[in-house]
Amino acid sequence: MATYPQRFRFGEFVGSLIWLIFWVLIIVTLVGLPLIFIVLFYIPLPPIGDEVLTPYRFLTMVVDPSRTIPIIEHLMTTDFFRVAAFPGFTYAALIAAATIFIERKFLAKMQLRVGPLYAGKVEGILQLVADGLKLIAKEIIIPSGADKPIFWAAPVAFVAVAAAVVALIPVAPGWVVADVDVGLLAIFAILGFFPLITLLFAWASNSKYPFIGGMRALHQMIAFEIPFILSALSVVILSGTLNLTEIVDSQIQSYWFIFFVPISAFVFYISSLAELERIPFDLPEAESEIVAGWLTETSGMIYGLIQLGSYVKTYALAALFVILFLGGWAGPQIFPPEVRTPLIDISPLYDQVAANATFWFTLKTFGVIMLMLLPRGISPRIRIDILLHTGWYKLIVLAFINMFVALALIYGGILGPGGLLVR
Amino acid sequence: MSSLEDKFEESKKLGLQIVKESEDDRLMTLSVGPQHPGSGHFRFTIKVDGDYIVYCDPDPGYVHRGEEKMCEYRNVIQNIPHLERPVIHDSNNITYSYSLAIEELVGIEVPRRGQFIRAIASELNRQVYTLYWLAIYGIFLGHSTMFMWPMGDRELFIDLLEALTGARVTHAFNIPGGVRNDMPEGFRDRCIRQIRYFEKRMKEYEDIFYNNPLFRQRTEQVGVLSKEDAAKLGVTGSVLRASGIPYDIRKAEPYDVYNELDFKVQYMKTGDCFARSYVPLLDMRESCHIIEQLLDKIPQSGEVRAKLQPNPKGPPGEAYRRVESGRGALGYYIVSDGTPRPYRVKISVGSFRNLLALPYLLVGQRLADMPAVYWSLNYWPVEADR
Amino acid sequence: MTSAGGFIKAIESGSKHLVMRRFTLRYPEQKLKFVGDGYQFDPKRGVGIAGYRGRHILLHDKCTGCQLCAIACEGIAEAIGMVKVDEQWKHNKKAIMPQIDYGKCVFCALCVDACPFYALFMTNDYELSSFTKEHLIYTPGQLAVKPKYQGEYEIIIDDRGATHG
Amino acid sequence: MNVVFIKPLRIKIRVEPGDIVEVATFLRDKMGFDHAESAGGTDYPKDNQIEMIYHLGSYGREDLAPHILALTTRTSREDARLPTLINVFKSVEYHERETFEMLGVYFEGHPRNDRFLLPEDWADIPPLRKDFKIKGR
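Below you can see the structure in the form of structure tokens.
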């Protein structure tokens, strides 16, 4: 009655399309092409493979995309690609984005809602993009009494530390940014930075609620750090190494460790929930008690960065669970040995083993992430004293139980070098 | 002298070493509200020592609109739309006792069918209010599913009330002399069908919320209000019944048709937050039975509204009538001086009475229990301010 | 262990709802069906007829310009004002009719109760939003228009839960 | 002390301000009225008096459950002072605070006769007195 939809005219539609094409052409010819020529003729280009990348070769690539394949192949061997793209940040951020979307739809299903619906036409698949744009457009408000350098640095440090954890996670055999011998230890060392960042940010906000939230985060993370490490320790005993790739290899040689040490896996799962500040352990952000906890004074992209960091952290811990207990990338071979694609032949880029490993690893990681999302729908927030009690008294004891089981398995000759169940 | 003062002293003792003036800088003053997500239109100042609350001072009045003064400037019918504003989720109950008091003053009898429809609307509205309250209780404890489910189920009852009264929340349905209109066709079947569905839903609430061990841990033995203290503080409604006093106006002083109905007063004996949050669910269950009985017993036809001149007035006098609303006894004290406008209207609301228990329950509790205790008191800030 | 049982029950109950129907009414695409044609009042019998209380409809051939609706609204919302109309009716010598400001109206329908001539009723139309406050003031001419409201969705309850449409 | 009216389930008695604490204590200890449901005042400019009314109820005695006993007293408008009942009925604490700011009755012995519902900067006469007029009416 009161709102009329605008009438659709085909002529106007076509006119707007032509107008768009006109502007694209203008910009490409006046800005794009000169830029390309400046880059090609005045900046020395790196050698690719055996040949030097000349302007002639580059321009032929524009016409024939299959000639870019050697360049990509070369790029994929560089460290930069590993850090920025595949096992590193982009892959983690993509999984984090998918996690956010899945979480919202999954929770909405459980709560009899529809969840994001309109952005992106198909079930709100572009909702995250819209949210991100909104956060970027928002003003960043800094409290007048805040400690500005720390206030600015903490969100960046949060994402950086979360990304540092990702750097140690092997996704497929050989596909890891930093393959260090003490990988597991390094992960726990890096995770130890989070309470520090939280507390620094809380203190820098110069506000009461963030301060209480920061103190809670500190208590919670310290209480859960010990069962966290202890539960991972039984895996180390079983595999005899701290290197994550070798831990996976030893599971491929025998069986997944979750079958031997299920209680450790349970403790690890609970502790990682606490480490991630997810419901029911979201005390540092308990909104009805302390507004938003240590995030009270965040706004705009500072909040966005912390959210990104925490979801990257979710991916990292889920991936760690997969590596420690679910056999990492182990799984039946389902990818064909080589692929044929029309138009452009990408077979030099295709690696059967890596693709298969990545597929299984991602699948398992999403399974664990779903498991981590589940408590949010069914459980209220826990109280701080119950939480500390759980952490210090119950989980540590449980973690010890399975450590003895692991020791018994090693000394009983069932696992370990030359054990019964080792293939 | 009594257990109440003892308890207050006892809970003070917990923080007694801290409350000393010299160590006052250990305390942190937190202002909960009016912009705090866990307060509503209401503020209370608390002081915490570490994780324990050692002081609490409620400060209502952010939504005070002077309903009592406004009543003196309008005639009795015109008062209806603005009187339901304090509790729009329970608007049939807040106008119910007003209508009862005016009827007593003017001296009119409501037709029997009208009484039944009134009771049906009032019970449906109690469900709407309680579901809203339960949803907020869920989100206060961080249980987002418990926020969404009651909000969704509440729509069913809102749709029913919309069919009956024509408005979704502010119904303006009870007026002195009866109700505004008769039930629409097919209302009875629809009502029974939705109540059957809702009875099934309440089992799910128990599964996911009330029997959840984390919820039990958070609410059991928290904020215990003993029977003596409850009577002394004069709390009402579900807070009173959770403390072991089976007092319900529908049973104690049955108004209209309630003495013909067969229902039990639901109560629990523990008086902790769990009891205070569980009694409303029991009430809703009982309310479903009441609605079914009302739909069975309602006369098939008849008047629903007594004839009344546009400006009803009675002899000078005064009346105090009360009903059981979603938050407990809701009484109107009306003084009439023989003119069409009331001389004085005093609204005694359950929220205002339950507020008195807040400082007593909060002192000595943990900060994390603050939302659990506060919202379990069935407190509606707008109603308390009037 | 009772607490473990409680968790399992909660998980079961939560995952059961993954396949249940959703409550959500997708409003601009779906509209709710109402009972009847809007709230009406029968002055002879003194009771109303159940219906949704949306905006009013004014029957020009019945309105006598008696101002009772405006008087009823005086203490409630003061939304009704009487204005001159450019019409000639035998029963409306003063040629005044109510004009309603929906920025103030609370939709209590007590003006409908006050009208003794079957001239003022309410309709199902609730979509009254506008960009300016002036557009919320409906003149007698606008009030005479019968709104077109098509709501066809109702609550459906079955084994998989309740849903709208 | 005199009985103003007796209606079914409702009794109203009026006492002098000096006796009210004593009467209230008697009602609580001997009669079983253990809480006040509401307490409020009414302004009577014609008599130059303010009437304070306590609606007392009982949770303890089942036979008294439907009964409400209205205990009233009157004080003059110019110097409105009354003894508080907070030591008898704990439940009147907020009601008396509200009456203080709405009608300007000072309760002697009440720990907090200060602002409750009205805004902090309220600087007019108490709003529920009859000589306070709402603007435009």
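Residue numbers (our numbering), protein chains in the order written: chain F, 10 to 432; chain U, 42 to 427; chain B, 14 to 178; chain H, 227 to 363.
In this text, a Cβ means the ideal position worked out from N, Cα and C, and glycines have one as well.
Remember, it's a predicted structure, so these values are computed and weren't measured experimentally.
- By the neighbour-count criterion, in which a residue is buried when 16 or more other Cβ atoms sit within 10 angstroms of its Cβ, Tyr139(B) is buried.
- Proximity to Met187(U) across Asp200(U), Arg229(U), Met243(U) and Ser140(U) peaks at Met243(U), based on C-alpha coordinates.
- Ranking Val95(U), Ile216(U) and Ile199(U) by CA distance to the CA of Ala208(U) puts Ile199(U) first.
- Annotated three-state conformation of Glu132(F) is coil, per DSSP.
- The three-state reading of DSSP puts Asp410(U) in helix, counting H, G and I together.
- Annotated as distal: Val376(U) and Pro217(U), with beta-carbon spacing of 8 Å or more.
- Closer than 7 Å at the C-beta level to chain F, one finds these residues of the region 25-57 of chain B: Gly27, His30, Leu31, Met33, Arg35, Phe36 and Thr37.
- No Cβ-Cβ contact shorter than 8 Å links Gly74(U) with Gly355(U).
- Interface flag for Ile393(F) against chain U is set, since a Cβ pair is found closer than 8 Å.
- In the three-state scheme derived from DSSP, where H, G and I count as helix and E and B as strand, Trp184(F) is classed as strand.
- When the five nearest sequence neighbours on each side are left out, the beta carbons in the same chain lying within less than 7 Å of the beta carbon of Phe266(F) are those of Val244, Leu247, Gln260, Leu333 and Phe334, in order along the chain.
- Take Pro56(B), set aside five residues on each side of it, and the residues of its chain with a beta-carbon closer than 6 Å to its own are Pro129, in chain order.
- Under the 8 Å criterion on CB atoms, Lys22(B) is classed as interfacial with respect to chain U.
- Residue contact check for Ala208(U) against chain H: no CB pair falls below 8 Å.
- With a contact defined as Cβ atoms closer than 8 Å, Leu285(F) and Thr254(F) miss out at about 24 Å.
- A straight-line Cα-Cα distance of about 7 Å links Arg240(H) and Val230(H).
- At the C-beta level, Pro400(U) and Val300(F) stay beyond 8 Å of one another.
- For Gly312(U), no Cβ of chain H is located within less than 8 Å of the residue's own Cβ.
- Taken in chain order, the complete alpha helix (DSSP H) segments of 4 or more residues contained in the region 305-391 of chain F are 309-334 and 361-387.
- At a cut-off of 8 Å, the C-beta of Lys130(F) has no neighbouring C-beta in chain B.
- Collapsing the DSSP output to three states places Asn215(U) in a strand.
- Under the 10 Å beta carbon count, Asp88(F) is surrounded by fewer than 16 other beta carbons and is classified as exposed.
- For Glu82(F), the CB contacts under 7 Å within the same chain, skipping 5 residues up- and downstream, are Pro357 and Leu358 in chain order.
- Within chain U, the residues Gly107 and Lys110 have their CB atoms less than 8 Å from the CB of Pro353(H), given in chain order.
- Out of Pro101(U), Ala347(U) and Gln119(U), the CA that lies nearest to the CA of Arg382(U) is found in Gln119(U).
- Nearest C-alpha to Met278(H) among Lys316(H), Ser317(H), Ile351(H) and Thr310(H): Thr310(H).
- Contacts with chain U at 8 Å (Cβ-Cβ) include Tyr320(H).
- A straight-line Cα-Cα distance of about 14 Å links Tyr296(U) and Ala360(U).
- Annotation: Phe344(F) to Val362(F) spans about 8 Å, alpha carbon to alpha carbon.
- For Gln262(U), same chain residues with a beta-carbon under 6 Å away, outside a window of 5 residues either side, are Asp313 in chain order.
- Using a 10 angstroms sphere on the CB of Val131(F), the tally of other CB atoms stays under 16, which defines it as exposed.
- Using a CB distance cut-off of 8 Å, Phe181(U) counts as an interface residue toward chain F.
- For the region 295-306 of chain U, the set of positions with a beta-carbon nearer than 7 Å to some beta-carbon of chain H is empty.
- Taking 8 Å as the CB threshold, Thr171(U) stays off the interface with chain B.
- With a cutoff of 8 Å on beta-carbon distance, Gly222(F) and Glu294(F) are scored as near each other.
- Lys118, Met119, Leu121 and Arg122: these are the residues of the region 88-122 of chain F whose beta carbon lies less than 7 Å from some beta carbon of chain B, given in chain order.
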